[in-house]
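Asks:
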DNA sequence: GTAGTTAGTTGTCAAATGATAATTGTTTTT
DNA sequence: AAAAACAATTATCATTTGACAACTAACTAC
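Residue numbers (my numbering), protein chains in the order written: chain A, 1 to 142; chain B, 1001 to 1142.
(1) Counting only beta-carbon separations shorter than 8 Å, does residue 54 (chain A) have a partner in chain B?
(2) Spell out a yes or no on whether the segment 1069 to 1088 of chain B and the segment 1037 to 1049 of chain B are touching, meaning 3 or more CB-CB pairs, one atom from each, closer than 8 Å.
(3) Let me see if you follow: with CB-CB separation under 8 Å, is residue 42 (chain A) close to chain B or not?
(4) According to a CB-to-CB cut-off of less than 8 Å, which residues of the segment 1111 to 1125 of chain B neighbour chain A?
(5) Comparing alpha-carbon positions, which option in A:33, A:123, A:135 lies nearest residue 1127 (chain B)?
(6) With burial defined as no fewer than 16 other Cβ atoms inside 10 Å of the residue's Cβ, what is the status of residue 1112 (chain B): buried or exposed?
(7) Establish whether the CB of residue 58 (chain A) and some CB of chain B are separated by less than 8 Å.
(8) Going along chain A, which residues have a C-beta under 8 Å from residue 1020 (chain B)?
(9) Under the three-state reduction of DSSP, which class applies to residue 48 (chain A): helix, strand or coil?
(10) For chain B, check one thing: does any of its Cβ atoms lie closer than 8 Å to the Cβ of residue 129 (chain A)?
(11) Residue ranges of each beta strand (DSSP E) run of no fewer than 3 residues wholly in the segment 1023 to 1094 of chain B, ordered along the chain?
(12) List, in order along the chain, the chain A residues whose C-beta lies closer than 7 Å to that of residue 1014 (chain B)?
(13) Kindly indicate the opening and closing residues of the alpha helix (DSSP H) around residue 136 (chain A).
(14) Find the residues of chain A that neighbour residue 1001 (chain B), judging by a C-beta separation of less than 8 Å, and give them in chain order.
(15) Give the C-beta separation of residue 1006 (chain B) and residue 16 (chain A) to the nearest angstrom, bearing in mind that I take them to be a contact with Cβ-Cβ under 8 Å.
(16) Pull up the distance between the alpha-carbon of residue 31 (chain A) and that of residue 77 (chain A), whole angstroms please.
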């Protein structure tokens, strides 16, 4: 396997992924939240319960800035802090009902766009796609 | 094929792609350029010769803002404007030698990270990955 | 040839994001 | 028990990015 070629294909692929997902998530945000705030909510959504430092590390946003954005999200009643009983310096961040509803709505909209993209495909092709996602997920993005 | 499940896998996959590519491109920028400026250079790199409006459209940056960022990139001697002979309102944007060198360096660094990720894989697995990328590229991101 | 459209520019303002220093309260180490 | 390390916050400032209005120059259609 020509690794140089693989890399080129991969880079091109990644650029496309970014562009398309930008398109798809563009109108997904109903509420008045910023891009970073959306990313934070998304991260909380897929990770369920996370500390503030974890959010900061994974999203590459400094701890002070993460703290600031979380304050805004909490003010908007989209998430809440839960104190860790065994280490009272820590807080776990969780979505509120409102936050959950917001993200579900966002995902619903993204799914509409996604469905639009795959609507002309056969069941076989969909399985092929699912397989491809699994492969990449497992071999590269794990 | 369960479309709901496919979508969930896909969303999770996209989130991972974003995170990993962020990691990979984080240190790729040698020069003193901003995120948006890097995106523009990347787009010019993969697309070869593009107009300002095309850049604006594809990257979802308004025309005035695209124009401004391009001015900065041109001042930094990373790209240049070439007038379209048949329509003198238009300009094609191309990388300068310096810009080309910058992007090659960036890609080299990204490739290092990429190689790190795939170094333990067999040739068969690499071909599997290449196939997966092709499938997604063709069926979804085209 | 004139009205309308298109490609791009300039200038300005507000908001979002990034960076950093100083501080508080808690836990761990020694 | 003091010192060091850790999690998070607050405050402040610079930079980046986004949005919009007004403009120029070139092209198109009628």
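For every residue, glycine included, the Cβ atom is placed at its ideal position computed from N, Cα and C.
Replies: This is what the structure holds:
(1) Here residue 54 (chain A) corresponds to residue number 54 of the first chain, with the count starting at 1. No, residue 54 (chain A) does not count as interfacial toward chain B.
(2) yes
(3) For the purposes of this step, residue 42 (chain A) is taken as residue 42 along the first chain, with counting starting at 1. Yes, residue 42 (chain A) lies at the interface with chain B (some Cβ there is under 8 Å from its Cβ).
(4) 1111, 1114, 1115, 1117, 1118, 1121, 1123, 1125
(5) What you label residue 1127 (chain B) is simply residue 127 of the second chain in a count that begins at 1. Closest option to residue 1127 (chain B), Cα to Cα, is A:135.
(6) Against the second chain, residue 1112 (chain B) aligns to sequence position 112. Exposed, since its Cβ has fewer than 16 Cβ neighbours within 10 Å.
(7) Along the first chain, one-based indexing puts residue 58 (chain A) at 58. It does; some Cβ of chain B falls within 8 Å.
(8) Sequence index remark: in the second chain, residue 1020 (chain B) carries index 20 (1-based). The answer, in chain order, is 140, 141.
(9) Position 48 of the first chain, counted from the start, is the residue given in the question as residue 48 (chain A). Of the three classes helix, strand and coil, the one that applies to residue 48 (chain A) here is coil, per DSSP.
(10) The count along the first chain starts at 1 and reaches residue 129 (chain A) at position 129. Closer than 8 Å: yes.
(11) 1079 to 1083
(12) Position 14 of the second chain, counted from the first residue, corresponds to residue 1014 (chain B). Under the 7 Å cutoff, chain A gives 17, 21.
(13) Here residue 136 (chain A) refers to the residue found at position 136 when the first chain is read from its first residue. Residue 136 (chain A) -> alpha helix (DSSP H) spans 123 to 139.
(14) Taking the second chain and counting its residues from 1, the one referred to as residue 1001 (chain B) is at position 1. Near residue 1001 (chain B) (Cβ distances below 8 Å), the residues of chain A are 123, 126, 127, 130.
(15) Sequence index remark: in the second chain, residue 1006 (chain B) carries index 6 (1-based). Sequence index remark: in the first chain, residue 16 (chain A) carries index 16 (1-based). With 8 Å as the limit, residue 1006 (chain B) and residue 16 (chain A) do not qualify as a contact, their Cβ atoms being about 18 Å apart.
(16) As a first step, residue 31 (chain A) must be located in the first chain, where it is residue number 31. As a first step, residue 77 (chain A) must be located in the first chain, where it is residue number 77. About 11 Å.
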